[in-house]
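Remarks on the structure that follows.
Protein chains in written order, with the working numbering: chain A, 1 to 251; chain B, 1001 to 1422.
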């Protein structure tokens, strides 16, 4: 997280820690974790933890470990052999089904899903929260969870980020399944934050309540603008997948 | 040993009897005879009340006589000086002398013979209920026409037993009614109707006249009814003392009329008829009956339908109704079947929630499902209140049989993200 600060886990109770590769996810149900497809591509048994801000091994032993018993990549996600060469992050979304239900509590609870109504259409300037254990300005990874707040911006902001030596932004795919956010005092997600939720306040709700508007997907340059998977476009697939692969009571 | 006659002589007779002597003779003659004892000689020391020497004649516990002194016959043609007649077949004679006899006394000579007794007249108690006939050595009883001699060979009665009545209605009277009923009799009657009919007896008060009881109510003559383990009576007195209508509740009624040897009266007359056996109007609780009648009798069939929420369980099959038929014994068939409240059983468990822990799961019971708050909430509509319905399932007003769903509360951080203020 660029431009962020240390966060209490209670502020992001839906935050899931993926150990390898280091990434994030969002708990959406006591049996399901939503994350980016590129996080779990080729990894059918990811190890996950919840309920802790610190992710040292000693800390993880005290945290709640989540065991996956199914990984469902979006059918339109195009797998490639080498992540470094990937330029198409369209449909970067996946679901992980948990073997056992997560024990909910003050530090572990799911984030809401949007529905397909226009209430959940994001306007530019809408602020969202991101969190993760990924790269910060001066370190490759962090031990303590960090978070920041950043606005939704037009996609051309992301498209026009100057390329650095490694990435030529113009060669990447930009689709309507993506949200561009960032630009406020360098608040941005970065490597290691992938799959984490871009959490936006539920509209027309008196109580402060967040839904997962986006998932950390990719970005041209940390500290500028980032691209997030637009979850609203996948509600039907999410519901269908969860319904079809629901763990029965007997299980 | 018995003997028809014999001689009794004092010791040493006709010589003087010795001092200080006692001698006893036990005389026994055959049954049916009495004893005639007579003295032909008597010479015993005379004393006041025969205290010194004496001869005593004892019959049973009764001293018939004590003799002493000298006696001579008052009849010149008879040698008998003293004579005793005993109406029993045994007699005891005791001779006693004391320590001194200043003179010489020769004692006594006596003889006994068995004599016939008239049992019909000699005793205060009459041995026969009706006719007594004496003969030498005994007697026998006999009866008037239509009477017979009981096994005790003394009492006569009439033969009035073994009467069976099978017609659905009829009349029964005591022997000779309205003339005097016979004494010493026991008359048995049985009314035997086909199954399904109970015997009902009616007796008019004026049709009953039986020797009245004593102050304690014991009837010397009595009329008694028994049926199906019940007893009515015994009745006696002038005018019937019981209920005018007696319902036997059974198809068999036994009547016993018992008389003693005295006090004959007019007797009794009764009517009977067969009434279809009634069955009780009580049915299992929580049910309705069809048809509804003021009285149910033999062969009536009723459909018993349990009220809503109640059922009849037979083995593994349950139903909401059953049929019951009034049987010949006055009992309903299927009377063991009861309408019991439907049992919905324990409510099904739900994920992330629970139902009230209740032991009562019968019809009408209300239970409450709750979710494991605050992290789960009830997603489905309705209050989570379910009532045990008549069909044996837990029903919610909104969801019906569908169970409530508890889902995780989402999107609510327990702490605000502090670093978001700009």
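Yeah, the Cβ is synthetic: ideal placement off N, Cα and C, and Gly gets one too.
Nearest to residue i by alpha carbon, out of the options?
| i | options | result |
| --- | --- | --- |
| residue 197(A) | 225(A), 235(A), 129(A), 134(A) | 129(A) |
| residue 63(A) | 124(A), 16(A), 221(A) | 16(A) |
| residue 1080(B) | 1097(B), 1061(B), 1112(B), 1092(B) | 1112(B) |
| residue 1427(B) | 1101(B), 1250(B), 1311(B), 1221(B) | Summary: the structure shown does not reach residue 1427(B), with chain B confined to residues 1001 through 1422, and so no result is reported for it. |
| residue 1228(B) | 1310(B), 1330(B), 1395(B), 1184(B) | 1330(B) |
| residue 1302(B) | 1311(B), 1202(B), 1280(B) | 1280(B) |
| residue 1106(B) | 1086(B), 1117(B), 1070(B), 1138(B) | 1070(B) |
| residue 1087(B) | 1110(B), 1120(B), 1312(B) | 1120(B) |
| residue 1074(B) | 1395(B), 1041(B), 1243(B), 1154(B) | 1041(B) |
| residue 225(A) | 204(A), 159(A), 244(A), 132(A) | 159(A) |
| residue 1403(B) | 1023(B), 1101(B), 1314(B), 1383(B) | 1383(B) |
| residue 1388(B) | 1381(B), 1401(B), 1380(B) | 1401(B) |
| residue 1214(B) | 1237(B), 1160(B), 1395(B) | 1237(B) |
| residue 1249(B) | 1089(B), 1230(B), 1001(B) | 1230(B) |
| residue 1135(B) | 1068(B), 1117(B), 1122(B) | 1117(B) |
| residue 180(A) | 154(A), 245(A), 131(A), 233(A) | 154(A) |
| residue 1065(B) | 1151(B), 1076(B), 1091(B), 1375(B) | 1091(B) |
Residue j and residue i - do their beta-carbons sit closer together than 8 Å?
| i | j | result |
| --- | --- | --- |
| residue 242(A) | residue 95(A) | yes |
| residue 216(A) | residue 113(A) | no |
| residue 1093(B) | residue 1126(B) | no |
| residue 108(A) | residue 50(A) | yes |
| residue 40(A) | residue 71(A) | yes |
| residue 148(A) | residue 4(A) | yes |
| residue 106(A) | residue 195(A) | no |
| residue 1010(B) | residue 1108(B) | yes |
| residue 171(A) | residue 161(A) | no |
| residue 1189(B) | residue 1259(B) | no |
| residue 1326(B) | residue 1296(B) | yes |
| residue 1385(B) | residue 1407(B) | no |
| residue 223(A) | residue 137(A) | yes |
| residue 1155(B) | residue 1261(B) | yes |
Determine the chain A residues that contact residue i at a beta-carbon separation under 8 Å, and present them in chain order.
| i | result |
| --- | --- |
| residue 1415(B) | 8, 10, 11 |
| residue 1377(B) | Neighbours of residue 1377(B) on chain A: none; closest Cβ ~11 Å, over 8 Å. |
Among residues of its own chain, excluding the 5 on either side of residue i, which ones have a beta-carbon nearer than 7 Å to its beta-carbon?
| i | result |
| --- | --- |
| residue 1346(B) | 1361 |
| residue 1390(B) | 1308, 1309, 1342, 1363 |
| residue 1373(B) | none |
| residue 1158(B) | 1146, 1147, 1175, 1182, 1185 |
| residue 994(B) | Since the first and last residues shown for chain B are 1001 and 1422, residue 994(B) lies out of range. |
| residue 88(A) | 78, 173 |
Residues of chain B with a CB under 9 Å from the CB of residue i: which are they?
| i | result |
| --- | --- |
| residue 206(A) | The contacting residues do not exist; residue 206(A) stays about 12 Å from chain B at best. |
| residue 109(A) | 1375, 1408, 1409, 1410, 1411, 1412, 1413, 1414 |
Counting only Cβ pairs nearer than 8 Å, list the residues of chain B close to residue i.
| i | result |
| --- | --- |
| residue 190(A) | Correct list: empty, because the minimum Cβ distance to chain B is about 17 Å. |
| residue 209(A) | 1410, 1411, 1412 |
| residue 202(A) | 1411 |
Cβ closer than 7 Å: which chain B residues qualify as neighbours of residue i?
| i | result |
| --- | --- |
| residue 112(A) | 1410, 1411 |
| residue 106(A) | 1414 |
| residue 30(A) | 1408 |
Within its chain, find whatever has a CB closer than 8 Å to the CB of residue i; leave out the 5 residues flanking it on each side and keep chain order.
| i | result |
| --- | --- |
| residue 1411(B) | none |
| residue 1422(B) | With a pLDDT of 40 at residue 1422(B), under the threshold of 50, the predicted position of this residue should be treated as unreliable, though the coordinate-derived value follows. Within the same chain, residue 1422(B) has no close Cβ partners at all. |
| residue 1420(B) | Its pLDDT being 44, under 50, residue 1420(B) is placed unreliably by the model, and the measurement read from it follows with that caveat. Correct list: empty, nothing qualifies. |
| residue 1165(B) | 1172, 1189, 1190, 1191, 1192, 1272 |
| residue 1251(B) | 1192, 1193, 1194, 1195, 1196, 1197, 1198, 1199, 1274, 1277, 1328 |
| residue 1015(B) | 1106 |
In chain order, what residues of the same chain lie with their CB nearer than 6 Å to the CB of residue i, ignoring the 5 residues before and after it?
| i | result |
| --- | --- |
| residue 54(A) | 143, 144 |
| residue 1232(B) | 1225, 1246 |
| residue 26(A) | 14, 34, 111, 197, 212 |
| residue 1178(B) | 1266 |
| residue 982(B) | Since the first residue shown for chain B is 1001 and the last is 1422, residue 982(B) is missing from the structure and cannot be characterised. |
| residue 73(A) | 37, 94 |
| residue 1032(B) | 1137, 1138 |
| residue 1284(B) | 1338, 1339 |
| residue 1270(B) | 1172, 1201, 1203 |
| residue 1413(B) | none |
Write down every uninterrupted run of the alpha helix (DSSP H) in the segment 1236-1298 of chain B whose length is 4 residues or greater and which is fully enclosed by it, in chain order.
For the segment 1236-1298 of chain B, not a single whole alpha helix (DSSP H) run of length 4 or above is found.
Can you give, in chain order, each stretch of the alpha helix (DSSP H) that sits fully within the segment 1104-1162 of chain B and has at least 4 residues?
Residue ranges of uninterrupted alpha helix (DSSP H) with 4 or more members are absent from the segment 1104-1162 of chain B; none lies entirely inside it.
Beta strand (DSSP E) runs wholly inside the segment 120-166 of chain A, at least 3 long, in chain order
Whole beta strand (DSSP E) segments, 3+ residues: 127-132, 146-153.
Fully enclosed by the segment 1324-1393 of chain B, which alpha helix (DSSP H) runs are 4 residues long or longer?
The segment 1324-1393 of chain B contains no whole alpha helix (DSSP H) run of 4 or more residues.
Can you check the segment 53-106 of chain A for any alpha helix (DSSP H) of at least 4 residues that lies completely inside it and give the ranges in chain order?
Complete alpha helix (DSSP H) runs here, min 4: 57-62.
Runs of 4 residues minimum, wholly inside the segment 1170-1242 of chain B: which ones carry the alpha helix (DSSP H) assignment?
Complete alpha helix (DSSP H) runs here, min 4: none at all.
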